[in-house]
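In what follows, a single structure is set out as structure tokens and then discussed.
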Ligand code: SF4
Ligand code: SF4
């Protein structure tokens, strides 16, 4: 069977052999955890606790504000040291709850599931439980899952797509989850399918995870509405629009969302969190992640508590190795560079990459007009034109060239022989565009 895929993209070396054979280890956080109240797409949560309060595991410490938001919960028992701004791995200071972990892990007694079995939940109960549990997309975007499960009433959803591509180099946490928690993920997928009224489930797994494709093909044998399909090992195959195109041959329109073509996409890690929450009542207080790269002694897959400091995890993996030049949150294509390891794991932390040796990239040169960026852009954009307009202070004009359709996948920068930081320019352009749009709107 030929693996499905999308047009364009790139084939970076994946370096997954560093960690893919390492089973997920559960690790405890250190004496101090720092839990940001804004770690999802949408409005930040509002603090519910203050300095000196005693906390239990699973206790709500931040209330969601608005429809696109998510509550935040304590991952440890202990005492609130402060509610104050701290540096988040997204690169800015956000309001956080700093907790002294008492190492007792005493669980909030109100934590219990609504039902004995996951099959007993109604669609409304699934949405409410997922919202209350603070579950967001764990693939990296951290979009509130309950919102995804509430598509517009006039929109029919016929397919749920399980994103098991994990196309970012180095990251293997989803690979391990799919091997270790296949039954749980499939049960949660079924609950999601029932919630949105879809007929089918399509599971997209990159070809480089042959063991997962074999296991899942066996698991779904005899279930006619679940289809396990190999997709090409190609970046960014795990982008929602790319996966929908590959599996269902549907194109999400510019500015549109998957529900516009009758689909919702769920990352396998998110479904694992949905299963845990519906079966135990415990909100999202932990996640799987990969620590990898040539700058860490023991690359690993870990299950960690939200709020654990990067420094504690790197130390637990044997510490730094060699001449470390970069620590990233996420993979090398879309990851965010860190200025310090004193930042906490958040719901969006799919990995921590520690790189040693010479820094990548190099001196920036003028564009040579090679069109390589355009030839590889999976969104069909012309990155060099967008960036030229942004550089010339014409962010509004660059919108006509697809500025806001850019998914910031980093493919263009990866192939650019002139080392032009195209994605940084796109991000800057988006901020300038929003500023200008706001200004024009305020003028009526
Ligand atoms: S970062 Fe944006 S412009 Fe560059 S390849 Fe990805 S989608 Fe295209
Ligand atoms: S890949 Fe780089 S050098 Fe080539 S056209 Fe694009 S921006 Fe210019």
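In the working numbering, the protein residues as written are 267 to 710.
Quick reminder that beta carbons are idealized off the backbone N, C-alpha and C, glycines included.
All of these numbers come straight from a predicted model, not from anything done at the bench.
{"query": "Of the residues 589, 528, 642, the one placed nearest residue 420, counting alpha carbons only", "result": "528"}
{"query": "Environment of residue 410 [buried if 16+ CB atoms lie within 10 Å]", "result": "buried"}
{"query": "Presumed contact (8 Å Cβ cut-off) between residue 302 and residue 362, rounded CB distance", "result": "5 Å"}
{"query": "Endpoints, alpha helix (DSSP H) assigned at residue 582", "result": "576-582"}
{"query": "Exposure of residue 447, with buried meaning 16 or more beta-carbon neighbours within 10 Å", "result": "buried"}
{"query": "Alpha-carbon spacing of residue 505 relative to residue 468, whole angstroms", "result": "15 Å"}
{"query": "Same chain only: Cβ atoms within 7 Å of residue 325, ignoring 5 sequence neighbours per side", "result": "339, 340, 374"}
{"query": "From 404, 598, 475, 488, residue whose alpha carbon lies closest to that of residue 306", "result": "404"}
{"query": "Sub-9 Å separation of residue 250 and residue 593 beta-carbons", "result": "In the structure as shown, the chain begins at 267 and stops at 710. Residue 250 is therefore absent and cannot be evaluated."}
{"query": "Given 8 Å, three or more beta-carbon pairs between the region 364-381 and the region 314-325", "result": "yes"}
{"query": "Sub-9 Å separation of residue 426 and residue 550 beta-carbons", "result": "no"}
{"query": "Best match in 500, 279, 313, 645 for proximity to residue 522 [C-alpha to C-alpha]", "result": "645"}
{"query": "Per DSSP, the bridge partner or partners of residue 429", "result": "470, 533"}
{"query": "Residue 538 beta carbon near ligand 2 (any heavy atom closer than 8 Å)", "result": "no"}
{"query": "Residue 445 Cβ short of 8 Å to ligand 2 heavy atom set", "result": "no"}
{"query": "Selection from 456, 556, 575 that minimises the alpha carbon distance to residue 567", "result": "556"}
{"query": "Inter-residue spacing [alpha-carbon to alpha-carbon] between residue 493 and residue 512", "result": "13 Å"}
{"query": "Extent of the continuous beta strand (DSSP E) run through residue 499", "result": "Element bounds for residue 499: n/a, residue is neither H nor E."}
{"query": "Alpha carbon of residue 312 to alpha carbon of residue 398, nearest angstrom", "result": "14 Å"}
{"query": "C-alpha gap between residue 631 and residue 683, whole angstroms", "result": "8 Å"}
{"query": "Distance, residue 367 Cα to residue 296 Cα", "result": "7 Å"}
{"query": "C-beta atoms of residue 536 and residue 275 nearer than 9 Å", "result": "no"}
{"query": "Opening and closing residue of the beta strand (DSSP E) in which residue 326 lies", "result": "326-329"}
{"query": "Rounded straight-line distance, which links the Cα of residue 662 to that of residue 703", "result": "8 Å"}
{"query": "6 Å CB neighbourhood of residue 664 in its chain, flanking five on each side removed", "result": "652, 655, 656, 695"}
{"query": "Those residues which DSSP pairs with residue 555 across a bridge", "result": "568"}
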